[in-house]
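Beneath this line is the structure, given in structure tokens, with notes to follow.
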Amino acid sequence: MAALKEPVKIFIVQALACRDTPQEVADLVKQEYGLKIERSQIALYDPTKIAGKNLSKKFVDLFHETRAEFDKGLIDIPIAQKYYRMRQYQKHLEKNAKNTFMVLNIMKQAAQDLGGQFTNRQEITGKDGKPIETVNSNVSTESYLNAREQALNDY
17 MAALKEPVKI
27 FIVQALACRD
37 TPQEVADLVK
47 QEYGLKIERS
57 QIALYDPTKI
67 AGKNLSKKFV
77 DLFHETRAEF
87 DKGLIDIPIA
97 QKYYRMRQYQ
107 KHLEKNAKNT
117 FMVLNIMKQA
127 AQDLGGQFTN
137 RQEITGKDGK
147 PIETVNSNVS
157 TESYLNAREQ
167 ALNDY
């Protein structure tokens with residue numbers, strides 16, 4: 017196994033804390049640092065696994081800190097969270113960097129997602145974006161019933 021420098025170790029611990037698989041982390045390390053590392057060596061930096069039981073306290077604390085920050089934005093269904101979707105968009109963007117059409121589509125999708133286009137939330141406003149004006153008037157029960165009866169007869 018290759019001896020790793022401190023920045024690479026930190027990178028591995030944080031990537032594992034963000035729930036990346038050892039294979040994904042190995043690919044990221046190769047891409048970022050040009051180092052080929054086996055999955056078994058990467059597993060040594062995950063304190064939640066048996067292989068990582070001897071990890072130093074500094075890295076264990078970093079792992080749990082990063083995991084807590086990462087999980088703040090996640091719930092039971094990760095894809096429901098914008099943070100998770102943005103990470104996936106970024107991964108696909110980097111993976112398909114040479115395919116211009118794919119890159120543009122991913123960027124468009126991410127922009128739409130960030131802009132709230134894919135939500136059920138609707139904002140209704142009046143003319144020129146001003147609040148809708150409502151008029152409150154008191155109607156007697158008798159006139160309400162007469163109007164209702166008239167509407168039912170017309171129907």
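The numbering used here applies: residue 17 is where the sequence shown begins, and numbers increase by one.
Positions of the beta carbon are idealized from the N, C-alpha and C atoms, including for glycine.
Using a beta-carbon distance below 7 Å, is G68 in contact with chain C?
Included in the structure is just one protein chain, with no chain C present.
Within the present structure, is the beta-carbon of K111 separated from the nearest heavy atom of the ligand SAH by less than 6 Å?
In terms of ligand content, the structure shown is empty, and the ligand SAH therefore cannot be addressed.
With distance defined between alpha-carbon atoms, name the residue in G142, Q47, N162, R164 nearest to K107.
Q47
In three-state terms, what does DSSP make of L71?
Residue state, collapsed to three classes: coil.
Enumerate in chain order the residues of its own chain whose CB-to-CB distance from A33 is below 7 Å, with the five nearest sequence positions on each side excluded.
F79, T82, R83, F86
Quick check: what's the CA-CA separation for V155 versus N162?
11 Å
Quick check on D62: buried or exposed, where buried means 16 or more other Cβ atoms within 10 Å of its Cβ?
For D62, the number of other beta carbons within 10 angstroms of its own is at least 16, and it is reported as buried.
Can you find the residues in the same chain that come closer than 8 Å, C-beta to C-beta, to L72, ignoring five residues on each side of it along the sequence?
With the sequence shown as reference, residue 72 is identified as Ser, and Leu is not the correct amino acid for it. The answer is none, since no qualifying residue turns up.
To which residues of the same chain is I122 closer than 6 Å at the C-beta, ignoring the five residues directly before and after it?
Y105, H108, L109
Excluding the 5 residues preceding and the 5 following A67 in the sequence, name in chain order all residues of the same chain whose CB lies nearer than 6 Å to its CB.
Hits under 6 Å: A59, L60.
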